[in-house]
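Residue numbers (this note's numbering), protein chains in the order written: chain A, 120 to 374; chain B, 29 to 340.
Right, here's the structure in full:
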């Protein structure tokens, strides 16, 4: 996998909020078709790092490379233009609108300002069926749907527009067990399509079973980055808490 | 299936209420369903109806426009003053339309750039526009006897009074705008969840400026009709009419929270209010009680709306 070129490289990223050093020389690499877990307890800097990639924050220092080219990401639209989409924990849909309206929100198919509802509906049906998402009717407002269905719509929206990098910020936090599984199945599907996925979660068990590689942050610095299976769940937990790499695996980290 | 669809359509419900009222009133008084009274009613309703169309768009976007009555007066005064100065009536009318649109645009800019809540921004404009209207004229009402305006106010075309055509065109255009265009879709999205709309790349601020400019423009259209009907432009015209426009929107069943509702129901809401006033007048009931009844209708309309959303 590592022979491929990374989709994203975040190099030597630092970020200060006034006197607070949220990130100190943090790095992140993401390859096509992998799920990278970003771990760390609250305040470790993981959400700041992700927000920088999504364009919600700008770094104080450091550079971001997308497909090997240096990218300047100043706002979410810049990120989106580079094929970086974010799925949020809270469901980011307009409950008063139906699935096609949500899927195409902000990039409606139109001619001279007039909506092409038929095309959007057909495309939505196609996008949802591609990910095996079943929804009663495309005409119903999304607020009448279950949390899992809505998250599924968010995901299909995120990947519909030629997305290469998908940031999933605790995508299952608001969901029940079955719905979480549905979201994870979806994510596996996206992985197969070569999309690089950054998965942020507090659920270690979920991360352990689901991610290919992990990076652990502590105090704004990388503790370790490596294949998830090189560690045990307990080792990961201890690294998150202590902020020091586990001795046994320190050699592997060098590779 | 089609019956279910009809049942859940908000336009059907409110239309049924309006028709029922018309039937009851025509039984109560032989004068209600006369051509003369209907003409009168449609003239009465036209100005509030035009304002309510703009107000409906604003309320669906999650905002409010309290300034429409004052903006109407300002536009009317611009028209009257220019005609007084021997400017061509058509040019005077265009200037009036521009004045209203600019006032609405200023509302939008204050709300989006100044980050002032719509209630406050348009409350400010309510004072500013009214004050300007009084200042421009020194409080004097100019007569407007240009044939074009008299035609707009008093003539009929195919047996229907001209103001009614203004109403029909307004609702046709706004209806198409809200349901067939990208702009309309954005209005619903902003009203539904502004943060999400912004996150998904909708130019929320730009669309909001357009929404308030549209409301200002429609206030100016109402001013044109008003000028025709009064054959004059008193700067104190249309005081508190914004409350009637808002009431029409609410009675029509458009949610005050935003994101929900169909603009045409505001027209039916305006008609219901006009029928209450007109019907009670014909029945010889004091106008004091009309206000009481309209107040009750507003509260009941929202109560019914709450029941509807609770069952959803």
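Note that the Cβ used here is the ideal one computed from N, Cα and C, for glycine as well.
Close beta carbons around residue 276 of chain A, own chain, < 7 Å, minus the five adjacent residues each side:
The residue you call residue 276 of chain A lines up with position 157 of the first chain. The answer, listed in chain order, is 221, 222.
Members of the stretch 338 to 353 of chain A that neighbour chain B once the beta carbon cut-off is set at 8 Å
none
Verify the CB distance criterion: does residue 224 of chain A have a CB-CB separation below 8 Å to chain B?
Position 105 of the first chain, counted from the start, is the residue given in the question as residue 224 of chain A. Yes, residue 224 of chain A counts as interfacial toward chain B.
Kindly indicate which residue of A/199, A/326, A/216, A/133 has the alpha-carbon position closest to the one of residue 228 of chain B.
Sequence index remark: in the second chain, residue 228 of chain B carries index 200 (1-based). Minimum Cα distance to residue 228 of chain B is reached at A/199.
Per DSSP, what kind of secondary structure is residue 333 of chain B in: helix, strand or coil?
In the second chain, the residue the question calls residue 333 of chain B occupies position 305. The answer is helix: DSSP assigns residue 333 of chain B an H, G or I state.
Check the Cβ-Cβ distances between residue 220 of chain A and every residue of chain E, and say whether any is below 8 Å.
Absent from the structure is chain E; the protein chains it does hold are A and B.
Would you mind reading off the limits of the alpha helix (DSSP H) that contains residue 119 of chain B?
Within the second chain, numbered from 1, the residue matching residue 119 of chain B stands at position 91. Residues 117 to 140.
Sort B/158, B/90, B/148, B/71 by Cα distance to residue 267 of chain B and report the nearest one.
Your numbering for residue 267 of chain B matches position 239 in the second chain. Here the closest residue by C-alpha is B/158.
Tell me where the beta strand (DSSP E) around residue 133 of chain A begins and ends.
Here the question's residue 133 of chain A lines up with position 14 in the first chain. Here the beta strand (DSSP E) through residue 133 of chain A covers 127 to 136.
Can you pull out the residues from the stretch 198 to 211 of chain B whose beta carbon lies closer than 7 Å to at least one beta carbon of chain A?
208, 209, 210, 211
Any Cβ of chain A within less than 8 Å of the Cβ of residue 228 of chain B?
Position 200 of the second chain, counting from 1, holds the residue named residue 228 of chain B. So yes, residue 228 of chain B belongs to the interface.
Less than 7 Å between C-beta atoms, sequence neighbours within five positions excluded: which residues of the same chain meet that for residue 143 of chain A?
The sequence position of residue 143 of chain A within the first chain is 24, counting from 1. So the list reads 133, 339, 340, once near-sequence residues are dropped.
Would you call residue 127 of chain B buried or exposed, if buried means 16 or more other Cβ atoms sit within 10 Å of its Cβ?
Taking the first residue of the second chain as 1, we reach residue 127 of chain B at position 99. Residue 127 of chain B is buried by the Cβ-count criterion.
Using 10 angstroms around the beta-carbon of residue 231 of chain A, count the other beta-carbons present and answer buried if the total reaches 16, otherwise exposed.
The residue given as residue 231 of chain A occupies position 112 in the first chain. Its Cβ having fewer than 16 others within 10 Å, residue 231 of chain A is exposed.
Taking the CB atoms as reference points, tell me whether residue 26 of chain B and residue 190 of chain B lie closer together than 8 Å.
Missing from the structure shown is residue 26 of chain B; chain B here goes from 29 to 340 and no further.
Assuming residue 149 of chain A contacts residue 168 of chain A under a Cβ cut-off of 8 Å, what Cβ separation, rounded to an integer in Å, is found between them?
By one-based count along the first chain, residue 149 of chain A stands at place 30. By one-based count along the first chain, residue 168 of chain A stands at place 49. Contact flag wrong, Cβ pair sits at about 12 Å.
8 Å Cβ cutoff met for residue 95 of chain B and residue 50 of chain B
Working through the second chain from its first residue, we reach residue 95 of chain B at position 67. Working through the second chain from its first residue, we reach residue 50 of chain B at position 22. The answer is no: Cβ separation not under 8 Å.
If residue 137 of chain B sits next to residue 232 of chain B, beta carbons under 8 Å apart, how far is it from one beta carbon to the other, in whole angstroms?
Your numbering for residue 137 of chain B matches position 109 in the second chain. Your numbering for residue 232 of chain B matches position 204 in the second chain. Not really, about 14 Å apart at Cβ, beyond 8 Å.
Per DSSP, cross-strand counterpart(s) of residue 184 of chain A
Within the first chain, numbered from 1, the residue matching residue 184 of chain A stands at position 65. A/128, A/189, per the DSSP bridge assignment.
Have a look at B/303, B/182, B/122 and flag the residue whose alpha-carbon is nearest the alpha-carbon of residue 325 of chain B.
For the purposes of this step, residue 325 of chain B is taken as residue 297 along the second chain, with counting starting at 1. Residue 325 of chain B has its Cα closest to that of B/303, out of B/303, B/182, B/122.
Which stretch, first to last residue, makes up the alpha helix (DSSP H) that contains residue 196 of chain A?
Locating residue 196 of chain A in the first chain gives position 77, where the first residue counts as 1. Taken as a continuous stretch (DSSP letters only), the alpha helix (DSSP H) holding residue 196 of chain A covers 195 to 200.
Under three-state DSSP, which class holds residue 261 of chain B?
Counting from 1 along the second chain, the entry for residue 261 of chain B is found at position 233. Of the three classes helix, strand and coil, the one that applies to residue 261 of chain B here is strand, per DSSP.
Just checking, does the stretch 114 to 121 of chain B make contact with the stretch 52 to 65 of chain B on the three C-beta pairs under 8 Å criterion?
no
Rounding to the nearest angstrom, what Cα-Cα distance links residue 156 of chain A and residue 227 of chain A in this structure?
As a first step, residue 156 of chain A is located in the first chain; it is residue number 37 there, counting from the start. As a first step, residue 227 of chain A is located in the first chain; it is residue number 108 there, counting from the start. Their backbone Cα atoms lie some 33 Å apart in a straight line.
If the cut is a Cβ gap below 7 Å, which residues of chain A does residue 224 of chain B touch?
As a working note, residue 224 of chain B is residue 196 in the second chain. Result: 211, 212, 213.
Could you list the residues in the stretch 174 to 203 of chain A with a C-beta less than 9 Å from some C-beta on chain B, going in chain order?
195, 196, 199
Looking at the C-beta of residue 280 of chain B, does it have a partner C-beta in chain A at a distance below 8 Å?
If you number the second chain from 1, residue 280 of chain B lands on position 252. So no, residue 280 of chain B is outside the interface.
Bounding residues of the beta strand (DSSP E) (the contiguous stretch that carries residue 337 of chain A):
What you label residue 337 of chain A is simply residue 218 of the first chain in a count that begins at 1. Looking at the DSSP string, the run of the beta strand (DSSP E) that includes residue 337 of chain A is 332 to 337.
At least 3 beta-carbon pairs within less than 8 Å: the stretch 282 to 296 of chain B vs the stretch 104 to 113 of chain B
no
Hey, is residue 241 of chain B's beta-carbon within less than 8 Å of any beta-carbon in chain A?
Counted from its first residue, the second chain places residue 241 of chain B at position 213. Cβ-Cβ to chain A under 8 Å: no for residue 241 of chain B.
Scan the stretch 299 to 328 of chain B for residues whose Cβ lies nearer than 7 Å to a Cβ of chain A and list them as they occur along the chain.
none
Is DSSP giving residue 318 of chain B helix, strand or coil here?
Start at 1 with the first residue of the second chain, and residue 318 of chain B comes out as number 290. In the structure shown, residue 318 of chain B sits in a helix (DSSP, three-state: H, G or I).
Given this structure, state the Cα-to-Cα distance separating residue 331 of chain A from residue 218 of chain A, to the nearest angstrom.
Counted from its first residue, the first chain places residue 331 of chain A at position 212. Counted from its first residue, the first chain places residue 218 of chain A at position 99. One C-alpha to the other measures close to 31 Å.
Compute the distance between the beta-carbons of residue 273 of chain B and residue 43 of chain B, then report whether it is under 8 Å.
To locate residue 273 of chain B, count along the second chain from 1; it is residue 245. To locate residue 43 of chain B, count along the second chain from 1; it is residue 15. Not closer than 8 Å, so no.
Quick check on residue 233 of chain A - is its C-beta less than 8 Å from some C-beta in chain B?
Locating residue 233 of chain A in the first chain gives position 114, counting from the first residue. Output row for residue 233 of chain A: interface = yes.
Buried or exposed (CB count within 10 angstroms, at least 16 for buried), residue 120 of chain A:
Translated into the one-based positions of the first chain, residue 120 of chain A becomes position 1. Residue confidence for residue 120 of chain A is low, a pLDDT of 46 falling below 50, so the modelled location carries little weight and cannot support an answer.
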